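This note's numbering applies: residue 47 is where the sequence shown begins, and numbers increase by one.
All C-beta atoms, glycine included, are put in the ideal place defined by N, C-alpha and C.
Please read all numbers here as calculations on a predicted model, not as lab measurements.
A short write-up of the structure that comes next.
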Amino acid sequence: MTDAPSSAGDRRSRILGGGGGAGRNVAVALVSTAVVFTALGLLVVNSSGWEEVRQKFLNGEEFRTWFPDVLSAFWLDVKIFCVAEVVILAFALGIAVLRSLPGPVFFPIRALAIVYTDIFRGVPTILVVYILGFGVPGLQLSGVSTDPVIWGTVALVLVYSAYVAEVYRAGIESVHPSQEAAARSLGLSRWQALRFVILPQAVRRVVPPLLNDFIGLQKDTALVALIGPVEAFRQADIGANADFNYTPYFCAAVLFVAVTVPLARFTDWLIARDRRRQQGGRAA
Numbered sequence: 047m048t049d050a051p052s053s054a055g056d057r058r059s060r061i062l063g064g065g066g067g068a069g070r071n072v073a074v075a076l077v078s079t080a081v082v083f084t085a086l087g088l089l090v091v092n093s094s095g096w097e098e099v100r101q102k103f104l105n106g107e108e109f110r111t112w113f114p115d116v117l118s119a120f121w122l123d124v125k126i127f128c129v130a131e132v133v134i135l136a137f138a139l140g141i142a143v144l145r146s147l148p149g150p151v152f153f154p155i156r157a158l159a160i161v162y163t164d165i166f167r168g169v170p171t172i173l174v175v176y177i178l179g180f181g182v183p184g185l186q187l188s189g190v191s192t193d194p195v196i197w198g199t200v201a202l203v204l205v206y207s208a209y210v211a212e213v214y215r216a217g218i219e220s221v222h223p224s225q226e227a228a229a230r231s232l233g234l235s236r237w238q239a240l241r242f243v244i245l246p247q248a249v250r251r252v253v254p255p256l257l258n259d260f261i262g263l264q265k266d267t268a269l270v271a272l273i274g275p276v277e278a279f280r281q282a283d284i285g286a287n288a289d290f291n292y293t294p295y296f297c298a299a300v301l302f303v304a305v306t307v308p309l310a311r312f313t314d315w316l317i318a319r320d321r322r323r324q325q326g327g328r329a330a
């Protein structure tokens with residue numbers, strides 16, 4: 047009788063950890079990966095146009111020449127991303143809360159929030175960047191900045207706030223109504239229940255999808271270059287036009303990948319941790 051739990055635990059460990067064949071599975075995965083990537087590499091390198099493509103896109107001398115300039119310009123992308131992310135987190139949460147207000151008296155506010163999210167999720171980001179980046183400065187309004195960096199950032203905030211607001215709203219609606227009922231029974235007002243009970247749970251649940259949206263935001267900062275600012279993409283474009291070589295674009299791509307890939311892996315880790323936590327809660 048005492049051996050049964052131990053046997054069950056050993057069997058579970060073998061299933062989760064791969065058992066005695068875990069090392070073999072890792073070795074097979076490594077070998078198969080090496081074979082696939084080697085085959086793809088040989089296919090590309092032995093193609094008839096490889097040498098010309100290598101000179102045009104992967105020129106080592108061009109990379110060393112333009113990478114410092116592209117890196118310097120990339121800091122503008124990072125600044126735009128950091129500012130926009132903070133504003134989006136707060137603004138989108140406000141929109142989600144307004145859209146979640148109950149009762150007929152708040153219908154006009156809910157309608158405005160719905161119209162906002164529908165419009166800015168429906169219009170391509172590049173069009174919003176163009177409209178604000180060229181349209182607002184063209185009005186020549188007194189006291190209003192004409193800096194394209196500002197209006198490009200505003201365009202990204204407006205577009206991504208519409209997407210993030212929907213993520214927040216999904217998190218709010220995922221909290222069971224009994225949570226609010228319990229909070230109200232303890233004497234909390236509706237706003238207090240929302241602030242102290244519902245929103246903390248909702249925000250915690252939507253962190254992974256929020257990070258996915260911000261991965262897209264980091265890439266879309268390059269769209270600001272279309273209205274004038276010299277960020278990584280614009281600097282790469284300058285380099286490509288100066289030397290008639292596309293390697294500067296590769297420099298910019300490397301920088302964006304260096305930021306987005308770690309963020310993507312961090313998102314995967316959060317999702318896996320949340321899944322393990324839920325499975326552990328169900329098991330308990």
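Going by DSSP, Thr-192 is part of no alpha helix (DSSP H) at all; its letter is neither H nor E. Here DSSP, grouped into helix, strand and coil, assigns Ser-94 to coil. Annotation note: the segment 215 to 261 contains the following uninterrupted alpha helix (DSSP H) runs of length 4 or greater, listed N- to C-terminal: 223 to 231, 236 to 239, 245 to 251.
Burial state of Asp-314 is exposed, judged by a 10 Å Cβ sphere holding fewer than 16 other Cβ atoms.
At the C-beta level, Leu-256 and Val-210 come within 8 angstroms of one another. Non-local C-beta neighbours of Val-276 in its own chain, meaning closer than 6 angstroms and more than five positions away in sequence, comprise Ala-119, ordered along the chain. The three-state reading of DSSP puts Asn-287 in helix, counting H, G and I together. Secondary structure of Ser-78 (DSSP, three-state): helix. Ranking Asp-266, Pro-308, Ala-286 by CA distance to the CA of Leu-122 puts Asp-266 first. Here Arg-167 has Ala-208, Tyr-209 as same chain residues with Cβ atoms under 7 angstroms from its own Cβ, once five neighbours each way along the sequence are excluded. A contact is defined here as three or more CB-CB pairs under 8 angstroms, and the segment 288 to 299 fails this definition with respect to the segment 212 to 224.
It is roughly 12 angstroms from the alpha-carbon of Leu-240 to the alpha-carbon of Ala-228. At the C-beta level, Leu-104 and Phe-279 stay beyond 8 angstroms of one another. Judged by their CB atoms, Tyr-214 and Ala-142 are nearer to each other than the 8 angstroms cut-off. When the beta-carbon positions are compared, Val-175 and Ile-273 come within less than 8 angstroms of each other. Comparing alpha-carbon positions, the option among Phe-137, Trp-112, Ser-93, Ser-78 lying closest to Val-205 turns out to be Phe-137. Boundaries of the alpha helix (DSSP H) around Thr-111: 106 to 145. In terms of CA proximity to Phe-180, Asp-193 leads the group Asp-193, Ile-317, Ile-165. Shown here, Val-169 sits in coil according to DSSP, grouped into three states, outside any helix or strand. About 6 angstroms separates the CB atoms of Leu-269 and Thr-171; that is less than 8 angstroms, so the two are in contact.
By the C-beta density criterion, Glu-108 is buried, having at least 16 other C-beta atoms within 10 angstroms. DSSP places Gly-181 within a helical segment (H, G or I) once states are collapsed to three. Gln-247 is positioned such that its CB atom lies no closer than 8 angstroms to that of Gln-281. Excluding sequence positions up to five before and after Leu-144, its CB lies within less than 6 angstroms of the CB of Ile-155, Ala-159, all in the same chain and listed in chain order.
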